[in-house]
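Under the numbering used here, think of the first position of the sequence shown as 130, with each following residue one higher. Heads up, the thing below is written out as structure tokens.
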Amino acid sequence: MQPYSGILALLIGAFLASCSAKSEKKQEASIPTLPVIQLTKQDATLDHDYASNLEAVQNVEVRARVAGYLDKISVDEGQPVHKGQLLFQLNPTEYQVEVDRAQSSLESAVAQEESAEVEMGRVKLLVDKNVISPSELKLAKSKVETAKAGINGAKSALAKARFHVSLTSIRAPFDGVINRIPFKRGSLIEEGALLTSISDLREMYAYFNVSEKEYLSFIKKRLDPEKATVREVELLLADDSPYAYKGKIETTETEFEDNSGTIAFRATFPNPKRLLRHGATGKIRLETDVDDALLVPQKAVFEVQDKNFVYVVDAANRVKARSFIPSSRVDQLYIVQSGLKPGDRIVYEGIQSLKDGMKINPKTLPTKSLQAMYASAR
């Protein structure tokens, strides 16, 4: 019976060993293989996008300065026009009547002045002969002065009437493009009514806001003789496509906004094909130089209660969540302020299924992959 007992013990031992080996293989197979990056400090040029509003270099409202019926519309919406070109014609009849009336008043005033001059000459002769009192001459001179004042008043009234007639012809103040026209021919136009607006689209202004920190960085570089180069900026259109022409930052506002703590920059873009329009939106893309920075890709980061975390891989290839504080975020990258250090290994992808203490099979990304990752953020 003992030989059989020994054989049975050997069989049981072999079976248990086989199960243990299968269990270990199963555990090894369940360990996920995940890409890992090792953090290093480096200089980088990153892109930062800012929401922007586009405005024409010149954009003015064209309003009626006198009332009247709209006799003629000489342009169409979206049509390019030249400075001085006739846009609208109001009926000038009633204003021409005022011109005629003012002209008659002027002629009457001139006649009165001539009559007063003749009367003054007659009175002067009589005074010289002591026929009448010298006070009569003073009165005659006063009538001449009054008549001359009447002429000046009549001239002013005539000039004003002619000016009103000229205002019935509404002309383009500069070269530009006509916008919406809300009236039709024959409409009764009130004084001050908005007839259209006109935009000079040869160049466009792009306004965007930056933080105080970014503003100081920009100004310091502009004041530094070694870095004081005029940087070109890129404009992304509303469909995220890049605009064909680069722009330049020309000016900033003088005050920060109280609510947002930001200040507005203005960039100027050429617009030879008139693609950009007044009131459009887009994004300004600025390059940001970061020296000796520790960069963490966005896809490696998760948030818990408004804090940023990554999974750090230890020497035993086990992961542990660690919080860090970013100094800023530029596109797809965080710039680390504290919480992480050079040499730390962090999980790059697949963080959704991880938990503290889990073991992984790390696959360290090569340097070229890291460079491509940082480049993709630009």
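Cβ atoms here follow ideal geometry from the backbone N, Cα and C, with glycine treated the same way. In this text, all values refer to a predicted model and were calculated from it rather than measured experimentally.
Contact check, residue i vs residue j, beta carbons under 8 Å
i: G486; j: R447; result: yes
i: F122; j: D329; result: Nothing in the structure corresponds to residue 122, since the chain is present only between 130 and 507.
i: A269; j: E248; result: yes
i: A322; j: A193; result: yes
i: A320; j: V226; result: It is Glu, not Ala, that sits at residue 320 in the sequence shown. No; because the gap between Cβ atoms is not below 8 Å, this pair is not in contact.
i: L168; j: L469; result: yes
i: A373; j: A409; result: no
i: R331; j: V191; result: no
i: L423; j: I166; result: no
i: E361; j: K377; result: yes
i: V476; j: V442; result: yes
i: S234; j: A283; result: yes
i: F217; j: L364; result: no
i: V459; j: D172; result: no
i: I202; j: R291; result: no
i: L199; j: F312; result: yes
Bridge partners - residue i, DSSP secondary structure assignment
i: Y179; result: I413
i: D329; result: Q187
i: V339; result: I392
i: N220; result: Answer is none; N220 lacks a bridge partner.
i: K436; result: V433
i: L163; result: P491
i: K377; result: E361 and T397
i: V210; result: G305
i: R230; result: For R230, which the question treats as bridged, DSSP gives no partner whatsoever.
i: L215; result: R300
i: V425; result: Y463
Residue i - DSSP class collapsed to helix/strand/coil
i: I261; result: coil
i: K349; result: helix
i: I489; result: coil
i: E382; result: coil
i: T397; result: strand
i: K170; result: strand
i: F431; result: strand
i: Y198; result: strand
i: Y334; result: strand
i: D420; result: strand
i: L405; result: coil
i: L235; result: helix
Cβ of residue i within 8 Å of any chain C Cβ
i: A185; result: Protein chains in the displayed structure number just one, and chain C is not present.
Residue i beta carbon near the ligand MG (any heavy atom closer than 7 Å)
i: E206; result: No copy of the ligand MG appears in this structure; indeed no ligand is present at all.
- prompt: What beta strand (DSSP E) runs, 3 residues minimum, are completely inside the stretch 439 to 494?
  reply: 448 to 459, 462 to 467, 474 to 476 and 490 to 493
- prompt: Can you find at least 3 beta carbon pairs, one from the stretch 161 to 168 and one from the stretch 252 to 264, that sit closer than 8 Å?
  reply: no
message: I'd like the ranges of any alpha helix (DSSP H) spanning at least 4 consecutive residues and lying wholly in the stretch 242 to 322.
response: 263 to 296
message: Quick test of the definition: if touching needs 3 or more C-beta pairs under 8 Å, does the stretch 180 to 188 touch the stretch 333 to 340?
response: yes
- request: Please confirm if the stretch 292 to 310 is in contact with the stretch 208 to 220, defined as three or more CB-CB distances below 8 Å between the two stretches.
  value: yes
task: May I ask you to verify whether the stretch 461 to 475 touches the stretch 421 to 438, counting CB pairs closer than 8 Å and requiring at least 3?
output: yes
field: Stretch pair the stretch 199 to 211 + the stretch 304 to 318: three plus CB contacts closer than 8 Å
entry: yes
message: Under 8 Å, with one C-beta from each stretch per pair, do the stretch 410 to 420 and the stretch 430 to 450 reach the 3-pair mark?
response: no
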